[in-house]
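Trainee: Handing you a structure now.
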């Protein structure tokens with residue numbers, strides 16, 4: 003499949019879809035507390051997307067080749083769950099870390115983003131994992147510009163994560179996005195700088211590293227969707243949708259409640 007280059011209309015529509023996806027995370031933040039079920043979070047997000055945003059939750063009934071239809075509107079991955087955690091009647095408890103992954107469709111365009119949430123006070127180890135993963139995502143984002151390569155992104159993420167004592171999941175990656183939920187290219191979160199696809203202005207894709215506190219090996223649960231660490235270690239993930247520009251990048255999935263970028267990014271943005 004050819005890699006699509008977004009035109010100005012596509013970019014404007016993607017800005018809207020991306021902001022809406024991020025605003026779902028803003029909306030759900032106060033509800034991520036001890037005792038709430040992920041089913042309840044799913045229903046709140048579903049109703050907000052459909053009734054308030056007049057958008058469509060992309061995961062609901064999404065069925066890529068070889069998968070049964072995804073049964074919920076969001077993904078909630080708790081503790082040792084890496085990604086694609088299916089909401090259930092299990093209640094969150096103090097100390098949990100949770101990734102909530104949102105994709106909305108607005109006017110035919112997809113906005114895709116995720117954040118980590120703390121339930122109560124996380125352990126020092128869990129908090130560090132989430133913080134390192136956030137920095138790793140931004141180190142990858144910071145490599146994006148026309149003329150750079152996908153390998154530059156993956157290499158920056160991998161080196162930082164592994165130097166921090168963690169491992170990078172390799173079976174799942176970022177992806178091109180637009181009118182299609184998952185399109186080319188695949189954006190690996192590991193690799194060698196200077197290798198892989200050369201980036202062009204107008205390309206758009208997600209960067210969404212999954213970082214494990216233990217080994218990188220994974221296991222799929224019987225529901226056919228939820229992925230967990232094989233060694234039961236904690237896992238964290240953050241995700242933004244990124245537009246390649248001539249001079250750098252634009253983050254498409256920002257809203258008023260988005261966590262600020264790390265200091266090393268803010269310093270670059272300060273005139």
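Numbering (the working numbering), first residue to last: 3 to 273.
For each residue, glycine too, the CB sits at the ideal point set by N, CA and C.
#1: Could you tell me the boundaries of the alpha helix (DSSP H) in which residue 134 lies?
#2: What beta strand (DSSP E) runs, 3 residues minimum, are completely inside the segment 132–219?
#3: Based on Cα-Cα distance, which residue from 123, 48, 230 and 41 lies nearest to residue 60?
#4: Pull up the distance between the alpha-carbon of residue 205 and that of residue 239, whole angstroms please.
#5: Using a Cβ-Cβ cutoff of less than 7 Å, which residues in the same chain neighbour residue 146 once the five nearest sequence positions on both sides are dropped?
#6: In whole angstroms, give me the CA-to-CA distance for residue 237 and residue 231.
#7: Residue 44 to residue 132, Cα distance in whole Å?
#8: Report buried or exposed for residue 248, applying the criterion of at least 16 other Cβ atoms within 10 angstroms of its Cβ.
#9: For residue 26 and residue 100, which I take to be in contact (beta-carbon distance under 8 Å), what is that distance rounded to the nearest angstrom?
#10: Using the C-alpha atoms, what's the distance from residue 33 back to residue 58?
#11: Label residue 167 either buried or exposed according to how many other C-beta atoms from any shown protein chain fall within 10 Å of its C-beta, with 16 as the threshold for buried.
#12: Does the separation of the CB atoms of residue 142 and residue 211 fall below 8 Å?
#13: I'd like to know if the segment 121–129 and the segment 59–73 are in contact, where contact means that at least 3 CB-CB pairs between them fall below 8 Å.
#14: Residue 159 to residue 191, Cα distance in whole Å?
#15: Just grab the DSSP bridge partners of residue 47 for me.
#16: Please look up how many angstroms separate the CB atoms of residue 254 and residue 20, rounded, as I've assumed it's under 8 Å.
#17: Between the Cα of residue 41 and those of 118, 265 and 102, spot the shortest distance and give me the residue it belongs to.
#18: What is the rounded straight-line gap between the Cα of residue 310 and the Cα of residue 140?
#19: DSSP three-state call for residue 32: helix, strand or coil?
#20: Should residue 149 and residue 196 be called a contact, given that it needs their Cβ atoms to be closer than 8 Å?
#21: Residue 22 and residue 110: beta carbons closer than 8 Å?
#22: What does the Cβ neighbour count give for residue 276, buried or exposed, with the cut at 16 atoms within 10 Å?
#23: Could you have a look at residue 57 and say whether DSSP puts it in helix, strand or coil?
#24: Within the continuous beta strand (DSSP E) that includes residue 245, where are the two ends?
#25: Report the rounded CA-to-CA distance for residue 121 versus residue 217, giving the unit in angstroms.
Mentor: Let me spell this out:
#1: For residue 134, the enclosing alpha helix (DSSP H) covers residues 126–143.
#2: 176–178, 185–189, 206–209 and 212–214
#3: 48
#4: 22 Å
#5: 155, 201, 244, 246, 250 and 251
#6: 7 Å
#7: 22 Å
#8: exposed
#9: Between residue 100 and residue 26 the Cβ distance is about 14 Å, and since that is not below 8 Å, they are no contact.
#10: Residue 33 has its alpha-carbon roughly 21 Å from the corresponding atom of residue 58.
#11: exposed
#12: Contact flag set, yes.
#13: no
#14: 6 Å
#15: Looking at the DSSP assignment, residue 47 forms no beta bridge with any residue, so it has no partner.
#16: 4 Å
#17: If you compare the alpha carbons of 118, 265 and 102 with that of residue 41, the shortest gap goes to 102.
#18: Only positions 3 to 273 of the chain appear in the structure, and residue 310 is not among them; the question remains open.
#19: helix
#20: no
#21: Taking C-beta atoms as the reference points, residue 22 and residue 110 fail to come closer than 8 Å.
#22: Nothing in the structure corresponds to residue 276, since the chain is present only between 3 and 273.
#23: coil
#24: 242–246
#25: 24 Å
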